[in-house]
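Numbering (the numbering used here), first residue to last: 7 to 762.
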């Protein structure tokens, strides 16, 4: 029930009912006054809280902007660069958002607090003043009326007439004040409907403007968010692989630290206690010593870990001779004497153990050091790049391409170790190789693929050689993709002939495997994760070497994607030929403007069932055989076939399996190029796919993204799995569609979407 209307005519009657109605209006005004007063107080507290929040968020943004990521190693992948700059991107978004909040806060006083205070002072206070005047006139009128009515009728007529006139005058004034008060009360009740609510609306509009600005910022940030999500997924996948390798190395170091101690041809270093002789007393001082064989230079630095790592001055001298001290000639154990060319006297040093002393003695005497690299000496060296090896690999590759090219997790899922050793032993033995029937169900595809990998690890040196291992890694760390390909192209043609031939055979096969990635889920990135550490294994197994696995993977990816150019064409001195076409697209963005990505290709996230596989172990395979040529004829493709999507740089995917493959748990998958030389079945399948695709392309249809993709050019669209595209129709460029996303038209990989 609302407030009753106050009639002006009731002011003359001044009835109890009128007074009750007027009282209800007065109570409502008091209630409104208290509410506005409290609201102003809460509004000021809210504004102050917003200021404090803005200050805290700006401080948070400053902290993000100041922090710089430091990655392990001397170079970063494109994904790591993207992640490293993400904090600055976050800080920029927060700062931009807080600038808009500051503008909102500055306007809050003008649009909210001041209008409410003005309404309270000018309207409600005026109504209160009118009430005071009305109450005063009421008392005056009542007093005059009572006095007038108490006059005696015996008074003179003139006196009574004068009293009547006075009462009429007071009554008239009372009525006027009453009318004005009723008018003011009702006016305030009506004005509060807009004078009170309008400032609140203006304040909320400011809030909406702030939130809309945040929405616009979020839309602008969406592309970077997509790129960052993909880079984080890539980095997480590599972390899982790297972590398992580092953990394995750590366990080996714990079990047998002496076998894994790094020993160099040219340098020996470690802690030694050096005897310092003073009058009647000799002391032993701990030094960190380094000996360089070539200049025969010994460097000693006073250092004690217990004192917080305090470093003393460096001393150095040229070694003249080194002699082991006999046990009975000195109280200390593990001692040896050193004579210097450029300083007098004999320096007595104490090693940390007998083994340590032996190593120092061997280094300083110029004898060859004992190498004990972290590899299975029984298994290495059994395989050779000879006719037998080539024939075995060709036979295995032919079996994979004819029997299991579409099998999911090809090369990632490992076979039973004993079966792998048995197959490899039989295939490499001239007496039994002819009896090995790879077409039979006796040998699973995962056993054959594991045998190929095992053969490559059995070679005395990795297929891409220790000599060029660092050169390949440096090439993968170059900023420009074209420079990476050109440098790797040059290094490949410096490899020994047999190594290059075997690498050509293998990468050609892997390109064929990657061309069936939609069936086997093994894209270029996945194959890089599997084969990178095998083809480019370091000479010494260290944490730094494990951190370079991600660059080994990039090298293998480049070999697969650019197989034809790298192996068929000779490198041109001073740079790559201008007339050769890469598998890269002409619409590449510049290094400065493009979104970072590990190997400059977008990524797809495949979600496949989890499989638990056995870990591949590097056990030895004992093969007693003499190499003889085998007349194995793997089938060759009759004609090349092309994949339409291969005309542009392909996109990548992450295969999230929790399997314990030879290298890595979760692999990043890339849509790669179709091999130009594949088996007949594979060629037929590719031709059928390429012929069937256009039939499904109806202009103007909606399509849903099956996988995520990161754009590499301004004409392409970035999106995540599940995104809906409008008006999807064929593009002029083979293998690509055109569609609209969030009002923007761009290119979409044809095999990344399904039509609705």
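We put the CB at the ideal spot given by N, CA and C, even for glycine. Source: prediction; values computed, not measured.
Alpha-carbon spacing of residue i relative to residue j, whole angstroms
i	j	result
residue 744	residue 491	30 Å
residue 171	residue 154	10 Å
residue 163	residue 32	43 Å
residue 532	residue 565	13 Å
residue 174	residue 133	26 Å
residue 208	residue 109	14 Å
residue 732	residue 402	46 Å
residue 746	residue 503	51 Å
residue 751	residue 220	24 Å
residue 570	residue 407	19 Å
residue 722	residue 197	57 Å
residue 717	residue 724	5 Å
residue 346	residue 320	16 Å
residue 214	residue 127	29 Å
residue 711	residue 200	51 Å
residue 378	residue 547	At residue 378 the pLDDT is 39, less than 50, meaning the model places this residue with poor confidence and gives no usable figure here.
residue 713	residue 224	22 Å
residue 409	residue 757	24 Å
residue 567	residue 222	39 Å
residue 306	residue 257	32 Å
residue 185	residue 111	43 Å
residue 150	residue 176	8 Å
residue 465	residue 760	45 Å
residue 297	residue 352	17 Å
residue 774	residue 276	There is simply no residue 774 to check, as the chain begins at 7 and stops at 762 in what is shown.
residue 243	residue 249	10 Å
residue 212	residue 218	10 Å
residue 161	residue 137	37 Å
residue 471	residue 81	22 Å
residue 563	residue 572	12 Å
residue 755	residue 446	38 Å
residue 22	residue 165	33 Å
Nonlocal neighbours in the same chain, by C-beta distance under 7 Å from residue i, ignoring five residues either side
i	result
residue 205	117, 118, 121, 122
residue 691	Low confidence applies to residue 691: its pLDDT is 36, below 50, so where it sits in the model is not reliable, and the reading given next is rough at best. Taken in chain order, the list of residues that qualify is empty.
residue 19	none
residue 9	30, 31, 34, 195
residue 241	85, 86, 89
CA nearest to the CA of residue i, picked from the options
i	options	result
residue 79	414, 456, 723, 552	552
residue 348	720, 60, 326	326
residue 294	288, 310, 282, 303	310
residue 396	530, 224, 510, 542	510
residue 14	107, 181, 70	181
residue 521	754, 411, 449, 730	411
residue 454	437, 82, 425	425
residue 323	360, 350, 257, 245	350
residue 129	202, 149, 572, 140	202
residue 391	757, 463, 577	463
residue 71	53, 95, 393	95
residue 26	11, 37, 277	11
Own chain, CB closer than 6 Å to residue i, minus 5 neighbours either side, in chain order
i	result
residue 505	469
residue 24	16
residue 279	290, 292, 356
residue 477	497
Unbroken alpha helix (DSSP H) run spanning residue i, endpoints
i	result
residue 764	There is simply no residue 764 to check, as the chain begins at 7 and stops at 762 in what is shown.
residue 123	120-125
residue 563	555-567
Cutoff 8 Å; reference residue i; Cβ partners in own chain excluding five residues on either side
i	result
residue 3	Past the boundaries of the shown model lies residue 3; the chain is included only from 7 to 762, so the question cannot be answered.
residue 104	60, 63, 64, 67
residue 251	539, 552, 555, 669
Where the beta strand (DSSP E) through residue i begins and ends
i	result
residue 735	730-736
residue 755	750-755
residue 760	759-761
residue 356	352-356
residue 744	742-747
Touch test, the region 188-195 against the region 133-147, Cβ-Cβ under 8 Å, three pairs minimum | Yes, the region 188-195 touches the region 133-147.
On the three-pair Cβ rule with 8 Å, is the region 415-435 touching the region 521-537?
-> Touching, yes, given that three or more Cβ pairs across the two stretches are closer than 8 Å.
Check whether the region 492-504 touches the region 465-481, counting contact only when three or more Cβ pairs, one atom from each stretch, lie closer than 8 Å.
-> Output reads yes: the region 465-481 touches the region 492-504.
Taking one C-beta from the region 556-571 and one from the region 531-546 each time, how about it: are there three or more such pairs within less than 8 Å?
-> Yes, the region 556-571 touches the region 531-546.
May I ask you to verify whether the region 134-150 touches the region 233-243, counting CB pairs closer than 8 Å and requiring at least 3?
-> With a cut-off of 8 Å, the region 233-243 and the region 134-150 do not count as touching, because too few Cβ pairs lie within range.
Inspect the CB distances between the region 80-94 and the region 50-64 and report whether three or more fall short of 8 Å.
-> Under the three-pair Cβ rule at 8 Å, the region 80-94 does not count as touching the region 50-64.
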